[in-house]
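Visitor: Protein chains in written order, with our numbering: chain V, 964 to 1270; chain L, 5 to 278. To start, I am sharing the structure in question, which I have written as C-alpha cells.
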Amino acid sequence: MTTHTAQARGFCHEAFFHAGDDEFLAGAVPFLEAGISKGEAVIAALPEHRRELLRGALGPLAGEVALYPMEEIGRNPARLISAWRCFLRSSADAPGVRGIGEPAHPGRSSAELEECERHEHLVNLMFREERTLTVMCPYDTSALDDEVLAGAKRSHSHPGGPGRESAPEHFTLDGSLPQPDRPTLSLGFGRADLRTVRQAVASLARSVGLSSRRNEDFVLAACEAATNSIQHGGGEGSLAIWRDGEKLVCDIRDAGRITDPLVGRERPPVDQVGGRGLWIANELCDLVQIRSGEQGTHVRLRMEIEG
Amino acid sequence: MRAHGSIEGGSGLGHDGHACWGFEDRQEFLAATLEFLADGLRTGQRLAYIGSEPVAEQRERLDPLGNVGALIDRGSLLLFELSDLYRIGEPVDPEAQVTAYLAATEAAIADGYSGLRVAAQVTDLVAEPETWDAHVRWESAADRILSRRSLSALCGYDRTALPPQLLADLAAVHPAANGCAGPAPFHLFGESGGLALTGEVDLFSSETFDRALGFACDGNQPVSLDLSELEFIDHRGVEILAAHVRHLAGAAGCTVRDQPPVVNRLCEILDLQL
C-alpha cells in the first residue's frame, strides 16, 4: 500500500493503489479527513459497496462528504467531467476542492475500463489550470488487471512514479475499436436517410427487448450521431448495430475528423453553435466510445438491454 | 385529432380535413379529387372545385362523380376558374380569402348542407417566387380556420413545376399530404382551437419546421401546441421550438402540452425551457 501526499495548491490527480477494502479505507479516510479539517469541499464518487464502507469508517464526519453513486454518475465515464465541473462550480467559495473518484472499479467491462482510462487523461486536460483541486483515484490491485493498473500509472501521478508520463495536451481521440464478427444490421446513410436510421435502430432495439424509454434514448443518440456525420463528416456515414451479450451496440462511422478530445464532455453553452450531438449521446447512453483520426471518425454507442 | 400524416388517396379526410396533394400529372390529382368529393357527397357537404381550366372542361372531368349536371343545377357542386377567385401572380390577400371561405361555408350550412368541401388545383397561385411566403402563410391561416368549421379542402400543386423546399413548406402547414414532403415529414396544423405538431422533425426538416412555426404563430393569439402525436424530434427541432416559445412569451404566449418523453429529456440535457 502507498499513501498519498495531499497538495493544498494546484491541480493534483493521483492514483491510489490499494489491495482490498482495508487498504482502501486506510488511504481514503485520512485523505478526506485532511480536506474536511481544512474546510475544503469534499466529494467521493464511489461504487455502492465502497460508499457504505466509507460512511461507516467516517462516522459523524460522513455528513461533511458529498457522496455520489459512481454506478449512476459514472455509468458512462464520459459524464464524469461535467459532474466534477458542477461540483467545482458549487464549491467556488471553499478554499479548495478535494475528491475521491473510482470510475475504474472492479466488475466493469473492458470497454468501460478503456473509457475510464481515457476519462482520466481528459481530467488532466480539463482541469490542469485548476488552482485548488486534489483528486485521488483508488485502483484496487487485488481485483483489476495489470493492463488497467498500467493505464492508471500513465494517466495519474503516483507515489514512487515519475509523474504523469504524457502531457495532457497531447491526448488525442486516435485509436481504433475492436470489430464485431458480423453486425446484425449495417447500412450507409445520407442526408435523406435519418428516418431509415431511426427505424433500423428502433426495430433492433425492440427485438432484443430494450424498454421503450431506453429504446427512445438509443434511437435519439444514434440519430444525433448520424446527423453529425451528415453535417461534419462529409455528408454521409455508415451504421452498424449488433448485440454484444447483454448490451446493444451501435457504430456510426464517417470520414470526418474530431480534433477536440473533450468533445461531448461538457454541456455546450446555449449560444454555442454545434457540439451538442455527442453531449446528448453521452447523457443518454451507458457507454460512448469516440475514436477519430486520419481514417475518419468512429462513434460506438452502447446500451444495457436490462436498464 | 383531425386526419393527418401521409395519405395515399383523397378519401377519409373528414369534414375538417385539409390535404396538400403534390401531383405529377393532372390525371393523378383528378383521381384524388373524385375520391375527396365523393366523400363530401356522402356526408352532405356542398362541393366546390377550383381549377385553371375553363368550367366546361372541369365539368367534363368531374363526370365520374355521377349526375354532375343535376349537382350543378341544384347548387350542390360549384365550379370556379382560379382567375375568378384569385389575382394570379399577386400574393394572396388572406383577409379577403378568409372572409370569402367563411361566407361560403355559412351559406352552405344555411342552404341545408353539412358544410363545404373544396378541391382546388392552385399551382398557378405560386408561379412567382415572391408569392410563396404569403401563400404558405395563407395555407397555414386557412388551416386554422377550417379546423374550426365544417370546411374541408384538398389543395393540388403540380410538383414538377415547384421547388422541393416550397413543396415541403406547403406539406408542413397541411395536416395531411401526399407527394410533397421530404423523408422526415411533419405537420403543424390547427387542432381544437390551438395547434398540433405530428410526424418527425430532424436535420432534414428542421428549417421547414422553423418556417412553419413562424407562419403558424403570429403572436396575436395565445397558442396551445399539442405534441401528443409527435413521433420524433431531434435537438435542433427542440431548440427551434424553444426559440419560438421564448419569442412568443413576449407576445401572446405559447404553451406546449402532451409532449413525448424525448422532448423533456432533450430539454433537461440542454437546459432548455418550453
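All C-beta atoms, glycine included, are put in the ideal place defined by N, C-alpha and C.
Establish whether the CB of L:D262 and some CB of chain A are separated by less than 9 Å.
Guide: Of the chains in the structure shown, none is chain A; the protein chains are V and L.
Visitor: Mind listing which residues of the stretch 1163-1195 of chain V have their C-beta closer than 8 Å to chain L's C-betas, in chain order?
Guide: R1176, E1179, D1180, V1182, L1183, C1186, E1187, T1190, I1193 and Q1194
Visitor: Tell whether a beta-carbon distance below 9 Å holds between L:L51 and L:L81.
Guide: To locate residue 51 of chain L, count along the second sequence from 1; it is residue 47. To locate residue 81 of chain L, count along the second sequence from 1; it is residue 77. The answer is yes: Cβ separation under 9 Å.
Visitor: What first and last residue would you give for the beta strand (DSSP E) that runs through V:M1266?
Guide: For the purposes of this step, residue 1266 of chain V is taken as the residue at position 303 of the first sequence. Here the beta strand (DSSP E) through V:M1266 covers G1259 to E1267.
Visitor: Measure the C-alpha to C-alpha separation of L:H251 and L:G223 and round it to an integer number of angstroms.
Guide: The residue given as residue 251 of chain L occupies position 247 in the second sequence. The residue given as residue 223 of chain L occupies position 219 in the second sequence. Spanning the two alpha carbons is a distance of roughly 9 Å.
Visitor: Specify whether the stretch 1056-1064 of chain V and the stretch 1228-1245 of chain V touch according to this definition: at least 3 beta carbon pairs, one from each stretch, less than 8 Å apart.
Guide: no
Visitor: Just the Cα atoms here: how many angstroms apart are V:V1251 and V:L1076?
Guide: Sequence index remark: in the first sequence, residue 1251 of chain V carries index 288 (1-based). Sequence index remark: in the first sequence, residue 1076 of chain V carries index 113 (1-based). When only Cα atoms are considered, V:V1251 and V:L1076 end up about 12 Å apart.
Visitor: Residues of the stretch 211-241 of chain L with a CB closer than 7 Å to any CB of chain V: list them in chain order, please.
Guide: F236, D238 and H239
Visitor: Determine the contact status of L:P179 and L:T202, defining contact as a CB-CB distance below 9 Å.
Guide: As a position in the second sequence, residue 179 of chain L is number 175, starting the count at 1. As a position in the second sequence, residue 202 of chain L is number 198, starting the count at 1. Contact flag set, yes.
Visitor: What does V:L1157 touch in chain L if you count any residue whose Cβ is under 7 Å from its own?
Guide: Walking along the first sequence from the start, residue 1157 of chain V turns up at place 194. The answer, in chain order, is A188, D206, L207 and F208.
Visitor: As a quick exercise: from L:E143, L:Q225, L:I237 and L:A172, pick the residue whose alpha carbon is nearest that of L:F193.
Guide: To locate residue 193 of chain L, count along the second sequence from 1; it is residue 189. Selected option, being the one with the closest Cα: L:E143.
Visitor: Helix or strand or just coil, what does DSSP make of V:A991?
Guide: Looking up residue 991 of chain V in the first sequence gives position 28. Looking at V:A991 - three-state DSSP - the assignment turns out to be helix.
Visitor: Helix, strand or coil: which one does DSSP assign to V:R1005?
Guide: On the first sequence, position 42 is the one that residue 1005 of chain V refers to. Sequence check: residue 1005 of chain V is Val here, not Arg. Of the three classes helix, strand and coil, the one that applies to V:V1005 here is strand, per DSSP.
Visitor: In angstroms with no decimal places, state the Cα-to-Cα distance between L:H22 and L:Q101.
Guide: Here residue 22 of chain L is taken as the residue at index 18 of the second sequence, counted from 1. Here residue 101 of chain L is taken as the residue at index 97 of the second sequence, counted from 1. Their Cα atoms are separated by approximately 16 Å.
Visitor: Suppose you measure from the CA of L:A96 to the CA of L:E39; what does that come to, to the nearest Å?
Guide: By 1-based counting over the second sequence, the position of residue 96 of chain L is 92. By 1-based counting over the second sequence, the position of residue 39 of chain L is 35. Checking the displayed sequence, the identity of residue 96 of chain L turns out to be Val instead of Ala. Their backbone Cα atoms lie some 28 Å apart in a straight line.
Visitor: Quick check for students: name the residue ranges of the alpha helix (DSSP H) that lie wholly in the stretch 1148-1188 of chain V, counting only runs of 4 or more.
Guide: 1157-1171
Visitor: Could you give the residue range of the alpha helix (DSSP H) that holds V:H1012?
Guide: Walking along the first sequence from the start, residue 1012 of chain V turns up at place 49. Counting along the chain, the alpha helix (DSSP H) containing V:H1012 begins and ends at E1011 to L1021.
Visitor: If distances are taken between C-alpha atoms only, which option among V:V1212, V:V1262, V:V1098 and V:A982 comes closest to V:E1083?
Guide: Taking the first residue of the first sequence as position 1, residue 1083 of chain V is located at position 120. Nearest option by C-alpha distance: V:V1098.
Visitor: Kindly indicate which residue of L:Q263, L:L75 and L:C271 has the alpha-carbon position closest to the one of L:E233.
Guide: By one-based count along the second sequence, residue 233 of chain L stands at place 229. Checked all of L:Q263, L:L75 and L:C271; the closest Cα to L:E233 is L:Q263.
Visitor: Return the residues of the stretch 1243-1258 of chain V that lie within a Cβ-Cβ distance of less than 8 Å from chain L, sorted by chain order.
Guide: I1243, E1246 and L1247
Visitor: Rounded to whole angstroms, how far is the Cβ of V:L1167 from the Cβ of V:C1186, which I believe are closer than 8 Å?
Guide: The residue you call residue 1167 of chain V lines up with position 204 of the first sequence. The residue you call residue 1186 of chain V lines up with position 223 of the first sequence. Not a contact, Cβ separation roughly 14 Å.
Visitor: So does the stretch 5-15 of chain L actually touch the stretch 126-133 of chain L, counting three or more Cβ pairs closer than 8 Å?
Guide: no
Visitor: If you run the structure through DSSP and keep just helix, strand and coil, what is V:A1029?
Guide: Residue 1029 of chain V sits at position 66 when you count from the first residue of the first sequence. V:A1029: strand per DSSP, three-state reduction.
Visitor: Which class does V:I1243 belong to by DSSP, given the choice of helix, strand or coil?
Guide: As a working note, residue 1243 of chain V is residue 280 in the first sequence. Helix.
Visitor: Establish whether the CB of L:P265 and some CB of chain V are separated by less than 9 Å.
Guide: Walking along the second sequence from the start, residue 265 of chain L turns up at place 261. It does; some Cβ of chain V falls within 9 Å.
Visitor: Quick one: what's got a C-beta closer than 8 Å to V:N1245's C-beta in the same chain, skipping five residues either side?
Guide: Sequence index remark: in the first sequence, residue 1245 of chain V carries index 282 (1-based). Around V:N1245: N1039, A1041, R1042, G1227, R1228 and V1251.
Visitor: In terms of alpha-carbon separation, which member of L:L120, L:E85, L:Q31 and L:V72 lies closest to L:G44?
Guide: Translated into the one-based positions of the second sequence, residue 44 of chain L becomes position 40. Selected option, being the one with the closest Cα: L:L120.
Visitor: Under DSSP, the alpha helix (DSSP H) around V:M1089 begins and ends at which residues?
Guide: For this step, residue 1089 of chain V is matched to residue 126 along the first sequence. For V:M1089, the enclosing alpha helix (DSSP H) begins and ends at S1073 to F1090.
Visitor: Counting C-beta neighbours from all protein chains within 10 Å, is the total for V:G1200 16 or more, i.e. buried, or is it exposed?
Guide: Taking the first sequence and counting its residues from 1, one reaches residue 1200 of chain V at position 237. Label assigned to V:G1200: buried.
Visitor: Please give me, in chain order, every unbroken run of the alpha helix (DSSP H) with length at least 4 that falls completely inside the stretch 121-151 of chain L.
Guide: 136-150
Visitor: Any beta carbon of chain L sitting closer than 9 Å to that of V:G1019?
Guide: Looking up residue 1019 of chain V in the first sequence gives position 56. False, the Cβ-Cβ gap to chain L never drops below 9 Å.
Visitor: Contact check, L:Q277 vs L:A256 under 8 Å by CB: the rounded distance?
Guide: Numbered from 1 along the second sequence, position 273 holds the residue referred to as residue 277 of chain L. Numbered from 1 along the second sequence, position 252 holds the residue referred to as residue 256 of chain L. Incorrect: roughly 17 Å between the Cβ atoms, too far for contact.
Visitor: Does the stretch 1174-1184 of chain V come into contact with the stretch 1103-1121 of chain V, if we say contact requires no fewer than three beta-carbon pairs (one atom in each stretch) closer than 8 Å?
Guide: no
Visitor: With 7 Å as the C-beta to C-beta threshold (strictly closer), list the residues of the stretch 1021-1051 of chain V near chain L in chain order.
Guide: Within the stretch 1021-1051 of chain V, no residue qualifies.
Visitor: I'd like to confirm the pairing. Which residues does DSSP put opposite V:A1106 in its beta bridges?
Guide: Working through the first sequence from its first residue, we reach residue 1106 of chain V at position 143. Answer by DSSP bridge pairing: none, since V:A1106 is not bridged.
Visitor: Quick one, which residues of the stretch 1204-1217 of chain V are near chain L if we go by CB-CB under 8 Å, in chain order?
Guide: none
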